[in-house]
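Read the structure below first, then the notes.
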Amino acid sequence: MITSVKIILIFFLLQVSFVSFSQVAAPPPGDTSINNTSKTDTVKEFEIIRGPSMRSINIDSVTTLQTIAGGAIVKQGTTIFNADSIAINPTTHIAEGFGNVHINQADSIQTYAQYLKYIGTEKTAYLQKDVKLVDKKATLFTQALDYNLGTGIGNYHNGGKVINGKTTITSNDGTYYADTKDIYFKNNVVVNEPKNHVTTDSLLYNMQTQNYNLNGNTYIKSKEAEIFTTQGSYDFKSDNALFTSRTTVKDTSNRIYIANNMAMDNKSGSAQLEGNALIRDSAGGYTVLANQIFLNKKTNSFLATRKPVLIIKQKDDSIYVAADTIFSGYSTAVKNEEFILKKDSIANDSLNRRNIADTAFGSDSLHPNLQLKNYSERDSATHLAHVIDSLHEIKNDGKIEQAKKVKENPALNDSIKALVPHKDSVQIDSLKPAVIKQQSEKRAAAKEGLPSSDIATIVPAKTDSVSVDSLKPGITTRNIRSLDSSNGNRKDSLNKRDSSRYFLAFHHVRIFSDSLQSVCDSLFFSAKDSVFRLYYDPVIWSGHSQITGDTIFLYTKNKKPERLYAFEKGIIVNRTTQGFYNQISGKTINGYFVNGKIDYMRVRGSQAESIYYAQDKDSAYLGMNRATGDVIDLYFVKDDLEKVLFVNDINGKFYPMKSIPQDQKYLKDFIWLDNKRPKNKLELFE
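Take the sequence shown: its letters are residues -25 to -1, 1 to 661, numbered as in mature numbering (1 follows the signal peptide of the UniProt record, and there is no 0).
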């Protein structure tokens, strides 16, 4: 009886189990699909690889779920799904995975999560909680990821992080592209890696090349610089960058670089700036603007083209320099030694010039292979020897000492050594109205050892006050020491403690400041001695005066003009308010400035010439004096020529105003070039 009851109960339980939870039968050999669709369906069927516990659950009359528990493994095509348990709807081709989900795409991309909902018809996986996508070197972490296994595109919207080696990138939203190995990060993007820290609005990152494409407000911080941009690309692997929007770079020396487009190679230190480019060096006191600039941050050199303008900063009167090309670098070749002045001596008043650009660039990677014209073809003399003028002495050893560590650097052989003054022969205390007496000039001449008979003065009656013998010593003798030489000296990036910055400007050079303007073909300026060296038909204007010569050196102190020296064919033209031209020409011209205005000039040569319009005390013109002499001294007051002094071998003739011959009004090489004079700084930017 008991045995019969047991048999009936076992049979009943087996029937119930078959109706409600019938176990999936083992598929026939060669067919492991779980699905009710026809074989013509393009959707690949789920194939059970492993299922320790498999059951069917009837949800309703038309829906039956197949469940696999105990460490399920299911395959669709080449993709394998692992989870603690998986539920499959064969009708809709939807599968859900619970616990330790793992998706393996043909052993290439591995995806992990704690929950999976997979739509087989779309091949889209919705993963949640501790999601991790591993694509060889890079790993994506997020809490929710929508990932299409067919297209290889995944999206997250609640924050995500990618780790690729030592690089970490986070953002609020992101899109992963399996085919191209790109991730597009959006909103609050932050990149951290050993060399750089980046914040941006959006970023496209390639996991293989480690190249960044930036879009939106971007800030890049590194040990070498800070970068602000809105669009561009940065390859942190090669340390190259290309920015295609207005970009600002600020380096550790507080130098600022700005341009519409910028390409950078940080390993070599070189960069190219294009479109409204700017370099501002506050410490060096200069700014350069151009439409194209090549620079090297390691050597701190640059080459500016396409309408470059250099601005040398000073407190009240900045100097603007425009040219076809401007180059700047550091060199140890420019000397600035002091030596004692000696008395006048005429000796080879010219320069031994060579191409100053040939090797000035040294080993600079930006070497533009620029060459200045061979000035020796235009210069009649070979070198400066001994003493040129009582105001200063220039030495020339034939070759400037080369920098020890820079190969073949003859660099910048036109440097002039700074000067220690002595008392000049003509000294001035004031310009009170009184007559200068001939005897006073004779005493002054005697001080220089000149014959008293060989001195004469042309002075308008209104300035008849200066008595040379009563003057205080040292007024016209300027305190010429090391001319602003400390400004440009520093230990540069090449560890040359005595190096100094220099500037080269090539062709169609124009200079403007409130106190002085100039044009020339080429220019060299060194912060070592603060001398502007102007080559090829230079012209300088100051107030109503124009100075020309074969070559002109303009000395500055505290970045203001202090004195100038014109070599060969020097001519001074001073235009009066009535339109007359006072003219003085000679072999050399020495001039001094006070508060940016011409104060005194000395013209020398074998017979210096002058044309001077004399006035009475009421400023009425008396006539024109045309005279020659070995030395002519000029004195200015408020930009106007006030007095002319002749020294040695004097010859001249005075013409009343109504009797001036037309052919005597102008010196041989007279030319008034006011049409070339820069009228304002804005002209230099045109």
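In this text, a Cβ means the ideal position worked out from N, Cα and C, and glycines have one as well. If you're wondering where the values come from, they're calculated on a predicted model, not measured in any experiment.
Run of the beta strand (DSSP E) containing residue i, from where it starts to where it stops
i	result
Asp154	It is not in any beta strand (DSSP E) - Asp154 carries neither H nor E in the DSSP assignment.
Glu20	Careful: Glu20 lies outside any beta strand (DSSP E) and carries neither H nor E.
His77	Ile69 to Gln80
Ser220	Here Ser220 belongs to no beta strand (DSSP E), and DSSP marks it neither H nor E.
Lys640	Note, Lys640: premise wrong, no beta strand (DSSP E); not H, not E.
Ser197	Asn186 to Ser197
Gly605	With the sequence shown as reference, residue 605 is identified as Asp, and Gly is not the correct amino acid for it. Its beta strand (DSSP E) spans residues Tyr596 to Val612.
Lys532	Thr526 to Lys532
residue 678	Beyond the ends of the chain as shown, which are -25 and 661, falls residue 678; an answer cannot be given.
Phe277	Ser276 to Thr280
Ser581	Lys572 to Gln590
Lys98	Unbroken run through Lys98: none, as it is neither H nor E.
Lys618	Asp615 to Val622
Asp512	Note, Asp512: premise wrong, no beta strand (DSSP E); not H, not E.
Gly250	Ser245 to Asp256
Asp121	Ala113 to Asn123
Lys50	Thr39 to Gln51
For residue j and residue i, believed in contact at Cβ under 8 Å, the rounded distance
i	j	result
Gln492	Trp516	5 Å
Ser560	Asp644	7 Å
Val578	Gly545	7 Å
residue 697	Asp614	Coverage of the chain is limited to positions -25 through 661, which leaves residue 697 absent and any answer about it impossible.
Leu189	Thr204	7 Å
Leu498	Val296	7 Å
Ile522	Ile486	About 13 Å; that fails the 8 Å criterion.
Ile78	Thr114	With 8 Å as the limit, Ile78 and Thr114 do not qualify as a contact, their Cβ atoms being about 14 Å apart.
Ser505	Lys532	7 Å
Ala62	Phe21	Between Phe21 and Ala62 the Cβ distance is about 11 Å, and since that is not below 8 Å, they are no contact.
Asp605	Asp624	5 Å
Gly135	Phe116	7 Å
residue 664	Asp105	There is simply no residue 664 to check, as the chain begins at -25 and stops at 661 in what is shown.
Residue environment, residue i, which counts as buried when at least 16 other CB atoms sit within 10 Å
i	result
Phe507	buried
Ile43	buried
Val612	exposed
Gln41	buried
residue 673	With the chain running from -25 to 661 in the structure shown, residue 673 is simply not present.
Leu479	buried
Gln639	exposed
Ser475	buried
Arg25	exposed
Thr54	buried
Ser245	buried
Thr155	exposed
Ser257	exposed
Tyr588	buried
Pro283	buried
Asp593	exposed
Ala81	exposed
Asp649	exposed
Lys111	exposed
Lys242	exposed
Ile34	exposed
Secondary structure of residue i, DSSP reduced to three states
i	result
Phe211	coil
Asn650	helix
Phe660	helix
Met632	helix
Asn553	Looking at the sequence provided, one finds Gln at residue 553 rather than Asn. If DSSP states are grouped into helix, strand and coil, Gln553 belongs with coil.
Leu491	coil
Phe499	strand
Leu479	strand
Gly26	coil
Met182	coil
Pro536	strand
Asn655	coil
Ala298	coil
Phe645	coil
Ala238	strand
Asn163	strand
Lys170	coil
Asn130	strand
Ile625	coil
Arg230	coil
Residue-level contact to chain D via CB, residue i, 8 Å cutoff
i	result
Asp525	Looking for chain D here will not work: only one protein chain is present.
*Would you check if the segment 94 to 112 and the segment 163 to 181 touch, i.e. whether three or more CB-CB distances between them fall below 8 Å?*
no
*Decide yes or no for the touch test of the segment 566 to 578 against the segment 595 to 602: beta carbon pairs closer than 8 Å, at least 3 of them.*
no
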